[in-house]
Every structure is written in structure tokens, then in C-alpha cells.
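Residue numbers for the sequence shown follow UniProt numbering, so the first one is 1 and each next one is one higher.
Below you'll find the structure, written out as C-alpha cells, and then a few comments.
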Amino acid sequence: MGIKVKETTPQQIEELRDRFNRKYASTPPAAPFHPTDIDRIRNDHLWLQRFLEMHDLDMETSFTKLWETCTWRQSYGANDLEESQLNQEYLKEGSVFVHNNDVDGKPLLIFRVKLHSKSKNLDELIRIVVYWVERAQREQHLTQLTIFFDMAGTGLATMDLDFVKRIVETFKQYYPNTLNYILVFELAWVLNAAFKVIKALLPPKAVEILKMISKKDINQYITKDNCLASWGGEDNYEFSFVPEAKKVISKPVAANAGDDEQFDKKLQFILRQTEVAATTAGRS
1 MGIKVKETTP QQIEELRDRF NRKYASTPPA APFHPTDIDR IRNDHLWLQR FLEMHDLDME
61 TSFTKLWETC TWRQSYGAND LEESQLNQEY LKEGSVFVHN NDVDGKPLLI FRVKLHSKSK
121 NLDELIRIVV YWVERAQREQ HLTQLTIFFD MAGTGLATMD LDFVKRIVET FKQYYPNTLN
181 YILVFELAWV LNAAFKVIKA LLPPKAVEIL KMISKKDINQ YITKDNCLAS WGGEDNYEFS
241 FVPEAKKVIS KPVAANAGDD EQFDKKLQFI LRQTEVAATT AGRS
């Protein structure tokens with residue numbers, strides 16, 4: 001499904017790319033952005049498109065958010081985040097993981113909320129969320145995914161609204177138009193306030209992808225063979241953490257060779273400007 005967005009044009013995507021290149025050449029960041037993200041700006045039209053879509057084709061806002069996202073990704077180390085850098089207890093307990101797909105073929109990012117505890121470190125939990133999103137990007141070259149909040153067996157003791165807020169904010173700020181659905185499964189009536197909080201955090205256009213579901217209607221969003229047995233489905237999968245086989249950096253194919261040549265010239269100019277700036281700073 002995904003949110004309803006305005007259609008972008010190739011010209012708008014190219015303008016966003018050019019704006020980024022010009023700023024990177026004239027006022028490069030103190031810490032260079034990760035090569036993977038530079039490559040995405042170079043080749044991945046869809047990544048740029050999602051910024052434009054999320055911000056109603058507003059070029060200035062889209063550019064600002066793109067720059068802020070690259071800055072965050074560099075400082076956070078999103079591209080290089082590995083399991084060895086994560087809290088092993090949190091990672092291996094299976095409260096957060098990616099498994100199977102929704103009806104549109106989008107990976108499910110599953111949160112088993114009953115395994116959560118409010119005493120856990122939120123920063124370390126969010127690092128695990130980012131790890132799974134980035135890993136899915138590397139392994140499946142995803143464009144979107146679906147968040148599945150498994151609320152079965154969840155009570156007030158394990159329902160952590162601060163954690164939910166951090167999850168939503170992370171996607172809203174740094175993964176534009178990445179969510180196909182937000183599915184809230186088997187929410188107890190005593191936790192209805194949680195649903196209202198999630199809804200209030202979402203941009204108005206994203207509210208339509210938030211769905212409260214149960215075993216009765218889950219197959220509208222996830223086919224029976226993709227549903228875990230605990231959801232009333234046919235998949236008897238039990239979570240056991242499997243390390244990533246190998247780190248594969250997604251490198252989308254450029255539209256044509258001309259695009260490659262043009263970007264290479266821009267990139268060489270950027271690098272020369274960066275070297276000049278560094279030399280000047282060293283002399284001062």
C-alpha cells in the first residue's frame with residue numbers, strides 16, 4: 001500500500017541531486033559522507049524520489065532532509081553497523097527481527113512487544129532497529145518494509161511508549177516513505193492509548209497505513225504462509241539469530257553511461273575542493 005504521494009518527475013530528481021552536489025562541492029561537511037550514500041545519490045533515483053514524495057515535492061525541504069539524513073548516517077555509522085557492535089542480549093532474545101513479507105512482498109520488521117522491558121537502554125534498542133533495516137537493505141535491496149507490532153500477551157508492564165515514539169521518529173526523520181504498513185496486532189483494549197500515541201506521531205498522510213488487526217483480518221495484510229503460527233498462520237518459525245552471511249553494498253545501476261561520466265566529473269571536482277579546503281585549514 002504505502003502512503004499516497006504526488007508523482008515525481010526525472011527533472012525534479014535530477015534537481016535534488018544537483019543541489020546536493022553543489023553544496024557538497026562548495027561547503028562540504030566536516031566529516032565526509034559515507035561512500036555508500038554518495039553512491040546512492042549518484043545512482044539510486046528511488047532513494048531521492050522518496051525524499052521528494054514524503055515532502056510533497058517541496059524541493060527545499062527535501063534537500064534539507066536529504067542532507068540531514070546523510071549527516072545522521074555518517075555520525076551514526078548506519079552503513080557499517082554490524083552485529084558485533086550491538087547489545088548481544090537484546091539482539092538474540094528476538095524482540096526485534098526481520099522475517100517474511102507482507103501481501104505486497106515487503107519485509108516484515110517484527111516487534112514482539114511482550115519481550116520488551118522498560119528498563120532496557122533505548123539507544124541500544126534503536127541501534128538494533130537500524131541494524132535490521134540496514135541489513136534488509138543490503139540483503140534484499142528493499143525499497144519499503146512493514147512494521148509489525150505483535151502486541152499479543154502485552155500488558156502495561158511491557159508497553160513502552162517512549163520506545164514506540166523513538167521507532168516512529170527514526171523512520172520519520174531518516175527513512176522517508178519507507179513504510180508500506182504499520183500493523184498493530186492483537187492490541188488489548190487497556191492499551192488503546194498506545195494506538196492513539198502512534199497515530200498522533202505520524203504525518204497526516206501516513207495515518208492511512210496504520211492498521212489495528214487481529215487473527216480475523218490479518219490475512220488482508222499478510223498471507224497465511226507468511227504468518228507465524230502464533231498469529232494463526234502456517235509458519236512455525238522460531239527466532240534464532242543468524243549472523244549476516246556477508247556484507248554486500250547495494251549499488252544500483254546508473255541510468256546510462258553518460259550519467260556515470262557526468263557524476264564522475266562532479267565527484268572529482270568535489271574531491272579537489274575538499275582537498276583545497278583541508279590544505280587551507282592546515283595552513284591557518
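The beta carbon of each residue, even a glycine, is placed where N, CA and C say it ideally should be.
From residue i to residue j, what distance separates their C-alpha atoms?
i, j, result
"Tyr-221", "Val-103", "5 angstroms"
"Arg-112", "Tyr-181", "17 angstroms"
"Gln-49", "Phe-63", "11 angstroms"
"Met-151", "His-99", "17 angstroms"
"Leu-210", "Leu-187", "13 angstroms"
"Met-159", "Lys-199", "16 angstroms"
"residue 339", "Ser-117", "As shown, the chain starts at 1 and ends at 284. That puts residue 339 outside it, with no answer to give."
"Val-129", "Phe-97", "8 angstroms"
"Gly-2", "Arg-138", "21 angstroms"
"Arg-19", "Glu-68", "14 angstroms"
"Gly-232", "Leu-66", "40 angstroms"
"Ser-240", "Asp-44", "33 angstroms"
"Lys-251", "Ala-193", "With a pLDDT of only 42 at Lys-251, under 50, the local geometry of the prediction cannot be trusted, and the value read off the model is given with reservation. Cα-Cα distance, rounded: 42 angstroms."
"Tyr-90", "Leu-122", "11 angstroms"
"His-55", "Lys-6", "9 angstroms"
"Arg-17", "Asp-39", "11 angstroms"
"Asp-225", "Lys-172", "30 angstroms"
"Phe-195", "Asp-162", "13 angstroms"
"Val-168", "Leu-201", "7 angstroms"
"Glu-60", "Leu-179", "23 angstroms"
"Pro-204", "Arg-73", "26 angstroms"
"Asp-80", "Thr-170", "17 angstroms"
"Glu-234", "Ile-218", "13 angstroms"
"Ala-229", "Leu-191", "23 angstroms"
Measuring alpha carbon to alpha carbon, tell me which residue in the options is nearest residue i.
i, options, result
"Ile-13", "Lys-120, Asp-58, Ser-95, Tyr-131", "Asp-58"
"Leu-108", "Ser-26, Met-159, Ile-147", "Ile-147"
"Cys-227", "Val-197, Arg-127, Glu-169, Ile-110", "Ile-110"
"Thr-223", "Glu-238, Glu-82, Gly-105", "Gly-105"
"Glu-124", "Lys-114, Arg-166, Glu-60, Ala-157", "Arg-166"
"Ala-157", "Arg-17, Lys-92, Asn-101, Lys-120", "Lys-120"
"Asn-177", "Leu-16, Arg-40, Glu-53", "Glu-53"
"Tyr-131", "Leu-183, Tyr-76, Lys-215", "Tyr-76"
"Thr-71", "Pro-32, Asp-80, Ser-95", "Pro-32"
"Lys-216", "Lys-246, Phe-185, Ala-245", "Phe-185"
"Gln-144", "Phe-163, Asn-101, Lys-114", "Asn-101"
"Glu-83", "Val-164, Ala-229, Arg-127", "Arg-127"
"Lys-92", "Gln-74, Ile-213, Leu-115", "Leu-115"
"Ala-136", "Pro-203, Glu-244, Ile-218, Glu-15", "Glu-244"
"Ser-214", "Val-164, Tyr-24, Phe-149, Pro-203", "Phe-149"
"Glu-208", "Leu-191, Leu-183, Ala-229", "Leu-183"
Could you check if residue i is buried or exposed, using at least 16 other CB atoms within 10 Å of its CB as the buried criterion?
i, result
"Glu-134", "buried"
"Gln-88", "exposed"
"Val-242", "exposed"
"Trp-189", "exposed"
"Tyr-174", "buried"
"Asn-236", "exposed"
"His-141", "exposed"
"Pro-35", "exposed"
"Thr-9", "exposed"
"Asp-154", "According to the sequence displayed, residue 154 carries Thr and not Asp. Buried, because 16 or more other Cβ atoms sit within 10 Å of the Cβ of Thr-154."
"Ala-30", "exposed"
"Ala-206", "buried"
"Thr-27", "exposed"
"Lys-22", "Residue identity check: residue 22 is Arg in the sequence provided, not Lys. Per the 10 Å Cβ criterion, exposed."
"Trp-47", "buried"
"Ala-78", "buried"
"Ser-95", "buried"
"Asp-37", "buried"
"Gln-11", "exposed"
Below 7 angstroms, is the gap between the Cβ of residue i and the nearest heavy atom of the ligand ADP?
i, result
"Asp-162", "The model on display carries no ligand, and the ligand ADP is accordingly not part of it."
Taking CB distances under 8 angstroms as the criterion, tell me whether residue i reaches chain C.
i, result
"Pro-243", "You won't find chain C in this structure, because it holds only one protein chain."
### Query
Curious, which full-length alpha helix (DSSP H) runs of at least 4 residues does the UniProt domain "CRAL-TRIO" (83-239) contain?
Qualifying alpha helix (DSSP H) stretches, in chain order: 88-93, 122-140, 161-174, 192-201.
### Message
What ranges does the alpha helix (DSSP H) occupy inside the region 23-62, keeping only unbroken runs of at least 4 residues that lie completely in it?
### Response
35-43, 45-54
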